[in-house]
Amino acid sequence: DQQVKQNSPSLSVQEGRISILNCDYTNSMFDYFLWYKKYPAEGPTFLISISSIKDKNEDGRFTVFLNKSAKHLSLHIVPSQPGDSAVYFCAASNTGNQFYFGTGTSLTVIP
Amino acid sequence: DVKVTQSSRYLVKRTGEKVFLECVQDMDHENMFWYRQDPGLGLRLIYFSYDVKMKEKGDIPEGYSVSREKKERFSLILESASTNQTSMYLCASSPGGPPGAEAFFGQGTRLTVV
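Keeping their order, the protein sequence lines are chains Y and F. Just so you know, we're using my numbering here: the first sequence kicks off at 846 and counts up by one. Just so you know, we're using my numbering here: the second sequence kicks off at -18 and counts up by one.
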């Protein structure tokens, strides 16, 4: 059973606007959450993370929000740029020894 | 920079062949992972290893085996390749221990079984 879910397979956003990617999880024992970005024919690259003791983490144009009561996290990209077009994977970890990934959301930023 | 290197970017193998996918990391990480990525299914864990000679099954281990004889190297073996094993294979490593560190991925191997 999928413990990390990304219910939107794709998202299109105009350049300069905000992109919001969503992720839900079922295991309340997860204590660390990550977002990865993946271009075709390349491996995923780490983007941003958040510990379960926080509700927000910001890094430049990227902000991750965590709502533990709802078991929901989101990635905000502001402003969106064409180079942000990629597949974004949400991941969760409970021991640091295993990472559970969602199915990914393909983001297209339209110039 | 952490580097995770997979031995091949693209492979084409015949049904029934034994296939070896090699992965090497240079950061002395404890943990190593093999995932496969398929459209609509995301990254699914095949096997992982938290120490030399140790291995744990992931979500989809059937048809695969692994070997970790040295800390820096983690091999994925397809004992008898089948067409449903055509996929993108991704190796990753992480330091292990308390949460707070990310996994680092290799560039991926696109395997086609014909």
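Don't be surprised by glycine CBs; every beta carbon is placed ideally from N, CA and C.
Item, Value
"Given 8 Å as the limit, is there contact between the stretch 871 to 882 of chain Y and the stretch 931 to 938 of chain Y, that is, 3 or more CB pairs closer than that?", "yes"
"Consider the Cβ of Tyr31 (chain F): report whether some Cβ of chain Y lies at a distance smaller than 7 Å.", "yes"
"Quick check on the DSSP output: what are the complete beta strand (DSSP E) runs of length 3 or more inside the stretch 23 to 89 of chain F, in order along the chain?", "23 to 30, 45 to 51, 54 to 59 and 68 to 75"
"Let me confirm a value: Phe55 (chain F) is counted as buried when at least 16 other C-beta atoms fall within 10 Å, else exposed. Which label applies?", "buried"
"Could you check the C-alpha separation between Ile955 (chain Y) and Ser46 (chain F) for me, to the nearest Å?", "43 Å"
"What does Glu903 (chain Y) reach in chain F if we use C-beta pairs closer than 7 Å?", "Within chain F, no residue comes near Glu903 (chain Y); the closest Cβ sits about 17 Å away, beyond 7 Å."
"Would you call the stretch 906 to 923 of chain Y and the stretch 864 to 873 of chain Y in contact, with 3 or more CB pairs under 8 Å?", "yes"
"Of the residues F:Lys51, F:Arg25, F:Glu43 and F:Asp32, which one's Cα is nearest the Cα of Gln848 (chain Y)?", "F:Arg25"
"For a contact meaning CB atoms closer than 7 Å, what does Thr948 (chain Y) contact in chain F?", "Gly21, Leu22 and Gly23"
"Which residue spans inside the stretch 906 to 949 of chain Y form an unbroken beta strand (DSSP E) run of at least 3?", "907 to 912, 917 to 922 and 931 to 938"
"If we define contact as Cβ-Cβ less than 7 Å, is Gln88 (chain F) a contact residue for chain Y?", "yes"
"Under 8 Å by Cβ, that's how I've got Ala84 (chain F) and Phe14 (chain F) pegged, so tell me the actual separation to the nearest angstrom.", "7 Å"
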